[in-house]
């Protein structure tokens, strides 16, 4: 009989006879059954051990000294209205101590429609900033030193266009390309699986990602061409293990494409970056980040034959979970986001966005973003948790959960391979179905009250009353202003130069050559995003989803 | 007669791809015995109304998280009137401010549900109000 069995029988059982536990079974949001107690017996020792920070398999951190040398980048997202509106917000955040910037684009920009396109009607500048052409990006980044601050862009199907615009902005400002730091999200697999903004079918979309990675490896040594994103996968309803598995599956798919094009893994893998959510299930989340790091290190070494340790080191941006926030009693969201942010820091994030308290209601206000940034600063400066590396390392519970999540994710990866790989699983709807099933299970738990959401299905108030803060409102004139400015822009430019650049882009797209250089030339010529995206519709076609629910 | 199941068209109009909520609702309505036609993403108002008329649905449920709700719902209402189909119950959901909810309900959207609405409440509302086939 083990010590734990003895304790359960001699001490716990008689106590349970007198005092029942609060639930029959305790589970996490991901459906994982949590044990009453974790002990040394639950912590599986592995051949390569837990390692040390900055060493394979990077379980305890991607860098040797972590936040003692360099705090995570505080990167609150901004994006609404026209480029000037968002520029105001970016400069405000920088003035408040933000250390990196992050841009959200509106739906038309994400999907390749100019602001005056019929399908853009009602959507311009609403869920992000509207960027039609390179001069908009110039305005968005006005007075921001691109040589000194890194710029992250949440842009996917049209990411290669925004990267081209960013390169042209840098060139026209005289910022050397090798000094340009930042990230284009560009994770199209996650789009098909979860976030659902797409333009072209899977294969040509993958080719665009490949072209961006190859171009960046050659010309932009400090640029993360792709940010492989579990965030949206989780927000769409996935479990923690699914988040890890499906994200790494996307990373595997991109890497295979780039390797197949002839670029060795070690030449681009150090710039692959990742993105995860920090949801409310605190210990499971901390474990998830650690598990993802160890699993990716093994994949890089064993599957891709990486020799450079940098290629095996998973770095990630983290955002607290928007889906965990509630419209009821919205001040509670400050507390939720703080705990989630703390999980990200315990998990070793390189960069963090804390959600605004008002995000279940609207695009965040300036006040909400300031509180979110201050939350990060309080964790860094006041809590002391960043003074030591991986402070929860060695916790029986965290180590056991880390092993479990890694194991489950590894099993998913085997299943994905058996089903023909990542692209096949996107096209068959496998990922989408797994996520929809998990989302439904989780909703039913909330319905039944089994999963308590404070202020929503428990501790409710009869009358919520007036909101305790002002929410951000989009200027209703944004769309008309943007459309008028775009028409003027088109009238001003050298149309013959635009036409010839687009023609060359179309020619290259129909071959297997890299599209980045002709796209950059089209941007220089002042082609719009919509025109560039349209040029590739003929050779590429459009995506039609496999609908599952 | 209540043996004909309530037919509901559920879908997303506009460009945003946030379909977690709409899929959960579609599944809950199906589990509650309703017949569901799910449009998938990025639909136009004209497409939705066309399908609704073709399929002779009792209810249209549209989810919008992009902020374009004040453009989209009035379009659907106008199109339903044009097709003499304004007896179809139109309901909505998404991240929509209370003042916009009130305006949409005044314009003719039967009910706008928020992100924290229990599924049971949506099911009950449809059962109580999609009555024309009864």
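Chains as they are written, first to last, in the working numbering: chain A, 1 to 549; chain B, 1001 to 1134. We put the beta carbon where it would ideally sit given N, CA and C, even for glycine.
Problem - Residues, ordered as in the chain, of the stretch 1116 to 1130 of chain B that lie near chain A by beta-carbon distance below 9 Å - result: Cβ contacts with chain A: 1116, 1118, 1119 and 1120.
Practice task
Answer yes or no: does any C-beta atom of chain B fall closer than 9 Å to that of residue 443 (chain A)?
Solution key: On the first chain, position 443 is the one that residue 443 (chain A) refers to. Flagged as an interface residue toward chain B: residue 443 (chain A), by a C-beta distance shorter than 9 Å.
Problem - Proximity winner among A:425, A:438, A:359 and A:369, relative to residue 1065 (chain B) (alpha-carbon distances) - result: Reading the second chain from its first residue, position 65 is the one you call residue 1065 (chain B). Nearest C-alpha to residue 1065 (chain B): A:359.
Handout entry: Distance between residue 1003 (chain B) and residue 333 (chain A) (C-alpha atoms, nearest Å)
Key = Translated into positions along the first chain, residue 333 (chain A) becomes position 333. Translated into positions along the second chain, residue 1003 (chain B) becomes position 3. Taking the CA atoms as reference points, residue 333 (chain A) sits about 45 Å from residue 1003 (chain B).
Handout entry: Selection from A:394, A:355, A:304 and A:323 that minimises the alpha carbon distance to residue 346 (chain A)
Key = As a position in the first chain, residue 346 (chain A) is number 346, starting the count at 1. Of the candidates A:394, A:355, A:304 and A:323, the one whose C-alpha sits nearest the C-alpha of residue 346 (chain A) is A:394.
Problem - 8 Å Cβ cut-off: residues of chain A touching residue 1101 (chain B) - result: Within the second chain, the letter at position 101 stands for residue 1101 (chain B). Chain A residues near residue 1101 (chain B): none, gap ~11 Å exceeds 8 Å.
Handout entry: Option in A:320, A:293, A:191 and A:471 with minimal Cα separation from residue 546 (chain A)
Key = As a first step, residue 546 (chain A) is located in the first chain; it is residue number 546 there, counting from the start. For the set A:320, A:293, A:191 and A:471, the Cα lying nearest the Cα of residue 546 (chain A) is the one of A:191.
Problem - Touching by the beta-carbon criterion (3+ pairs, under 8 Å), the stretch 1029 to 1046 of chain B and the stretch 1008 to 1016 of chain B - result: Touching, yes.
Exercise for the section: Measuring only between beta-carbons, confirm whether residue 429 (chain A) sits less than 9 Å from chain B. Expected result: For the purposes of this step, residue 429 (chain A) is taken as residue 429 along the first chain, with counting starting at 1. Output row for residue 429 (chain A): interface = no.
Exercise for the section: Return the chain-ordered list of same chain residues with a C-beta closer than 7 Å to the C-beta of residue 493 (chain A), the five sequence neighbours on each side being excluded. Expected result: Here the question's residue 493 (chain A) lines up with position 493 in the first chain. Closer than 7 Å at Cβ, skipping near neighbours: 526.
Exercise for the section: Would you mind telling me which residues of chain B sit closer than 7 Å to residue 474 (chain A), beta carbon to beta carbon, in chain order? Expected result: Residue numbering aside, residue 474 (chain A) sits at position 474 when the first chain is read from its first letter. For a Cβ distance threshold of 7 Å, residue set 1067 of chain B lies close to residue 474 (chain A), ordered along the chain.
Handout entry: Touching by the beta-carbon criterion (3+ pairs, under 8 Å), the stretch 526 to 545 of chain A and the stretch 66 to 76 of chain A
Key = These segments do not touch.
Exercise for the section: With a cut-off of 8 Å on the beta carbons, I'd call residue 244 (chain A) and residue 409 (chain A) a contact; round off their distance for me. Expected result: By one-based count along the first chain, residue 244 (chain A) stands at place 244. By one-based count along the first chain, residue 409 (chain A) stands at place 409. At roughly 4 Å, the Cβ-Cβ gap stays under 8 Å, so residue 244 (chain A) and residue 409 (chain A) are in contact.
Handout entry: Residue closest to residue 1123 (chain B), alpha-carbon to alpha-carbon, out of B:1045, B:1105, B:1082 and B:1060
Key = The residue you call residue 1123 (chain B) lines up with position 123 of the second chain. Measuring from the Cα of residue 1123 (chain B), the nearest candidate turns out to be B:1060.
Exercise for the section: Could you pull out every residue in the same chain whose Cβ sits closer than 6 Å to the Cβ of residue 274 (chain A), ignoring the five residues on either side in sequence? Expected result: Here residue 274 (chain A) refers to the residue found at position 274 when the first chain is read from its first residue. Hits under 6 Å: 228, 314 and 316.
Practice task
Say whether chain B places a C-beta atom closer than 9 Å to the C-beta of residue 189 (chain A).
Solution key: Here the question's residue 189 (chain A) lines up with position 189 in the first chain. For residue 189 (chain A), the answer is no, since every Cβ of chain B falls outside 9 Å of its Cβ.
Exercise for the section: Look at the Cβ atom of residue 214 (chain A), then the Cβ atom of residue 261 (chain A), and state whether they are nearer than 9 Å. Expected result: The residue labelled residue 214 (chain A) in the question sits at position 214 within the first chain. The residue labelled residue 261 (chain A) in the question sits at position 261 within the first chain. With respect to the 9 Å criterion, residue 214 (chain A) and residue 261 (chain A) are classified as neighbours on the basis of their beta carbons.
Handout entry: residue 153 (chain A) - partner residues in DSSP beta bridges
Key = Taking the first residue of the first chain as position 1, residue 153 (chain A) is located at position 153. Paired residue(s): A:103 and A:184.
Handout entry: Against chain B: residues of the stretch 111 to 129 of chain A by CB proximity under 7 Å
Key = Listed by position, the residues of the stretch 111 to 129 of chain A near chain B (Cβ gap below 7 Å) are 111, 119, 121, 122, 123, 126 and 127.
Exercise for the section: Can you tell me which of the three DSSP states residue 551 (chain A) falls into? Expected result: As displayed, chain A neither begins before 1 nor continues past 549, which places residue 551 (chain A) out of reach and without an answer.
Practice task
Evaluate residue 174 (chain A) with the Cβ neighbour count: other Cβ atoms within 10 Å of its Cβ, from every protein chain shown; 16 or more gives buried, anything less gives exposed.
Solution key: As a working mapping, residue 174 (chain A) is identified with position 174 in the first chain. Counting Cβ neighbours within 10 Å, residue 174 (chain A) comes out exposed, since fewer than 16 surround it.
Practice task
Work out the CA separation of residue 291 (chain A) and residue 283 (chain A) for me, nearest whole Å.
Solution key: As a position in the first chain, residue 283 (chain A) is number 283, starting the count at 1. As a position in the first chain, residue 291 (chain A) is number 291, starting the count at 1. Distance between the alpha carbons of residue 283 (chain A) and residue 291 (chain A) is about 12 Å.
Practice task
Output yes if chain B places a C-beta closer than 9 Å to the C-beta of residue 459 (chain A); else output no.
Solution key: Taking the first chain and counting its residues from 1, one reaches residue 459 (chain A) at position 459. Answer no: the Cβ-Cβ gap between residue 459 (chain A) and chain B never drops below 9 Å.
Handout entry: Check whether residue 299 (chain A) and residue 248 (chain A) have beta carbons under 9 Å apart
Key = Along the first chain, one-based indexing puts residue 299 (chain A) at 299. Along the first chain, one-based indexing puts residue 248 (chain A) at 248. In this structure, residue 299 (chain A) places its C-beta atom within 9 Å of the C-beta atom of residue 248 (chain A).
Handout entry: Same chain, Cβ closer than 8 Å to residue 542 (chain A), neighbours up to 5 away in sequence not counted
Key = In the first chain, residue 542 (chain A) corresponds to position 542, counting from 1. Answer for residue 542 (chain A): 199, 200 and 201, listed in chain order.
Exercise for the section: Consult DSSP for residue 109 (chain A) and reduce its assignment to one of helix, strand or coil. Expected result: As a working mapping, residue 109 (chain A) is identified with position 109 in the first chain. Residue 109 (chain A) falls in the helix class under three-state DSSP.
Practice task
Please confirm if residue 107 (chain A) has its CB atom under 9 Å from at least one CB of chain B.
Solution key: Position 107 of the first chain, counted from the first residue, corresponds to residue 107 (chain A). Residue-level contact by beta carbon holds for residue 107 (chain A) and chain B, with a gap shorter than 9 Å.
Practice task
Compare the Cα-Cα distances from residue 330 (chain A) to each of A:356, A:520, A:318 and A:308 and report the closest residue.
Solution key: Locating residue 330 (chain A) in the first chain gives position 330, where the first residue counts as 1. A check of alpha carbon separations from residue 330 (chain A) across A:356, A:520, A:318 and A:308 identifies A:356 as the nearest.
Exercise for the section: Alpha carbon to alpha carbon, how far is residue 1016 (chain B) from residue 544 (chain A)? Give it in angstroms, no decimals. Expected result: Taking the first chain and counting its residues from 1, the one referred to as residue 544 (chain A) is at position 544. Taking the second chain and counting its residues from 1, the one referred to as residue 1016 (chain B) is at position 16. Taking the straight line joining both Cα atoms gives about 15 Å.
Practice task
Closer than 7 Å by beta-carbon distance: list the chain A residues that pair up with residue 1071 (chain B), in chain order.
Solution key: Here residue 1071 (chain B) corresponds to residue number 71 of the second chain, with the count starting at 1. Annotation: Cβ neighbours of residue 1071 (chain B) in chain A (cutoff 7 Å, chain order): 121 and 122.
Exercise for the section: For residue 335 (chain A), count neighbouring Cβ atoms within 10 angstroms of its own Cβ and tell me buried if that reaches 16, exposed if not. Expected result: Position 335 of the first chain holds residue 335 (chain A). Residue 335 (chain A) should be labelled exposed.
Practice task
Establish whether the CB of residue 440 (chain A) and some CB of chain B are separated by less than 9 Å.
Solution key: Position 440 of the first chain, counted from the start, is the residue given in the question as residue 440 (chain A). Answer yes: the Cβ-Cβ gap between residue 440 (chain A) and chain B drops below 9 Å somewhere.
Exercise for the section: With a threshold of 16 other CB atoms inside 10 Å of the CB of residue 15 (chain A), please say whether the residue is buried or exposed. Expected result: For the purposes of this step, residue 15 (chain A) is taken as the residue at position 15 of the first chain. Of the residues assessed, residue 15 (chain A) falls on the exposed side of the cut-off, its CB having fewer than 16 other CB atoms within 10 angstroms.
Practice task
Determine, using beta carbons only, whether residue 1093 (chain B) comes closer than 9 Å to chain A.
Solution key: In the second chain, the residue the question calls residue 1093 (chain B) occupies position 93. Not a single CB atom of chain A sits nearer than 9 Å to the CB of residue 1093 (chain B).
Practice task
Select from A:471, A:419 and A:327 the residue whose C-alpha is nearest the C-alpha of residue 368 (chain A).
Solution key: As a working mapping, residue 368 (chain A) is identified with position 368 in the first chain. That would be A:471, whose Cα lies nearest to the Cα of residue 368 (chain A).
Exercise for the section: Indicate whether the contact test is met: 3 or more Cβ pairs, each with one atom in the stretch 141 to 160 of chain A and one in the stretch 101 to 113 of chain A, closer than 8 Å. Expected result: These segments touch.
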